[in-house]
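Notes for the one structure printed next.
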Amino acid sequence: MQLLIDDWRVDVAARTATRGGEKRQLSPRAIKLLQILAQAEGAVVSRDQLLEQIWPNVFVSDESLTQVVSELRRVLKDRGIVATVPRGGYRLTRPVRERARDGFELTDLDTSGLEARALCLEARDELVRCGPGAIQHAETLTAEAIDLCPDSSEIRTERAVALIRSHLYWSEGRNTLPQALCDAQFAVRVAPTSAPAHSALGYAHSSAGHWDAAEAAHQRALASDPHCASAYHFAAWFLMSRRRLRPAIRFFEQVGNLEPANIKGYLHAAQLSSVREPERCRRNAERVLVRARHRFEADPSDTRALVAIACAMALLGENASAFATIESIDTTGSAQAVYLASALSTIGERDRAILTLEELFDHGWRDLDWLFVDPAFVSLSSDRRFTRMRDSLKAA
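Position one of the sequence shown corresponds to residue 3 (this note's numbering), numbered consecutively onward.
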């Protein structure tokens, strides 16, 4: 279990407090004190109660409790975090949230059926791998999860993300965005401090062009949990959509920093910086190669990893290797084809890049913003076929 207080993430089992790159150790009694005060939710806990719960069946002086309070203040670098109430006791002055070790809100786990959660994990895996039919399958899985557990913020959040991905990348003419917005709004109402819920709401607003609402939602997501990788990911997409590329690139890099297995964060950072910041592009592309090759060695059926390898090679100027890798990949029926289109354009295979994009457009690919910010696609602007596709999306 973890406790989130201000910018600190406290791991109860490990007795550590982490903030950014800083990690500090807490004594067992300081952890116990924090847990007791957190459970009181800001109410005063008397000194007698604290002495009895921290040192059960042992007589200690008030000075022992004072030392533990001082330790907690010192480790969290904030004297005001624990208030002393004269003739009363102590209370926390900051709100505390509990999270499971994998990042799910405990309040959500209490209301979510195990089957529903498993379905959402399957859906998330589908969206990460993004093989043929993956987006449609993720949409089906999250619909089943909603049927099992309609009142869970976690489940509604996963459903909203699946619907937005369907709307943007494989719509087949359907408009799933209104339902995604409803699910995200529901998720926030149920869990108003959930970073993933606010992040999904921002993603939905951004996809609908509700820019002010989107920015506000992304700010709330990161304020709720500044270590939430998905919050940085969707906030980066918002910034990219508004052509604020410098912070978008940094946010994409942060996704990779926070998730050791993540490939896409560094890949997007490399793509967006390929023209204006070639050294930054090279650094991120090399990170992509390391992670993607490791994943592909572990699972040779992981097409997503192979696609990332091809893209990274193209960005690093390894054109022959990139082309040979692209030739070995079958992305039929998969939204991953957009990455191959980008790589093909980067290595000069522009006609094939446009043909690949046309096939995606036939299945309802709607991510107009990426066509304006990826330098590989900007270079296609002189081709009438490309401008016709882009203009049709702008008019939709």
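We put the CB at the ideal spot given by N, CA and C, even for glycine.
Is residue i near residue j, with beta carbons less than 8 Å apart?
| i | j | result |
| --- | --- | --- |
| G90 | S48 | yes |
| D385 | R352 | yes |
| T389 | Q338 | no |
| P377 | V277 | yes |
| A202 | A215 | no |
| F298 | I311 | yes |
| I56 | L35 | yes |
| Y171 | W367 | yes |
| R99 | L39 | no |
| A237 | N264 | no |
My output table needs one value for residue i: the three-state DSSP class, helix, strand or coil.
| i | result |
| --- | --- |
| G258 | helix |
| G267 | helix |
| E320 | coil |
| Q338 | coil |
| T195 | coil |
| D301 | coil |
| H207 | helix |
| F61 | coil |
| H235 | helix |
| A42 | coil |
| T178 | coil |
| C122 | helix |
| L308 | helix |
| H200 | helix |
| A378 | helix |
According to DSSP, which residues form a beta bridge with residue i?
| i | result |
| --- | --- |
| V292 | Paired residues: none, contrary to the question. |
| D13 | Q4, T18 |
| T86 | Y92 |
| S48 | G91 |
| E100 | L5 |
So, at 7 Å on beta carbons, what are the nonlocal neighbours of residue i in its own chain, with the 5 sequence-adjacent residues on each side left out?
| i | result |
| --- | --- |
| R222 | H200 |
| L346 | I328, R354, A355, T358 |
| F188 | R158 |
| L395 | R368, L370 |
| H229 | R11, L260 |
For residue i, collect the residues of the same chain with a Cβ closer than 6 Å to its Cβ; drop the 5 residues on either side in sequence, then sort them by chain order.
| i | result |
| --- | --- |
| F379 | L373 |
| G251 | The sequence given here places Ile at residue 251; Gly does not occur at that position. The answer, listed in chain order, is A271, L274, S275. |
| P180 | none |
Run the proximity test for residue i: is its beta-carbon closer than 7 Å to any non-hydrogen atom belonging to the ligand COA?
| i | result |
| --- | --- |
| G44 | What this structure holds is no ligand at all, so the ligand COA is not there to describe. |
I need the boundaries of the alpha helix (DSSP H) containing residue i, first residue and last residue.
| i | result |
| --- | --- |
| V77 | 64 to 77 |
| T159 | 155 to 171 |
| H212 | No alpha helix (DSSP H) holds H212; DSSP gives it neither H nor E. |
| D371 | 370 to 375 |
| S437 | Beyond the ends of the chain as shown, which are 3 and 398, falls residue 437; an answer cannot be given. |
| R137 | Per the sequence presented here, residue 137 reads as Ile, with Arg not at that position. Run containing I137: 136 to 150, per the alpha helix (DSSP H) assignment. |
| I356 | 352 to 364 |
Where does the unbroken beta strand (DSSP E) through residue i begin, and where does it stop?
| i | result |
| --- | --- |
| E91 | The amino acid occupying residue 91 in the given sequence is Gly; Glu does not appear at that position. That run of the beta strand (DSSP E) goes 91 to 94. |
| E24 | 24 to 27 |
Among the residues of its own chain, which have a CB less than 8 Å from the CB of residue i, if the five just before and after it don't count?
| i | result |
| --- | --- |
| V62 | L53 |
| Q69 | none |
| G44 | R93, L94, T95, P97 |
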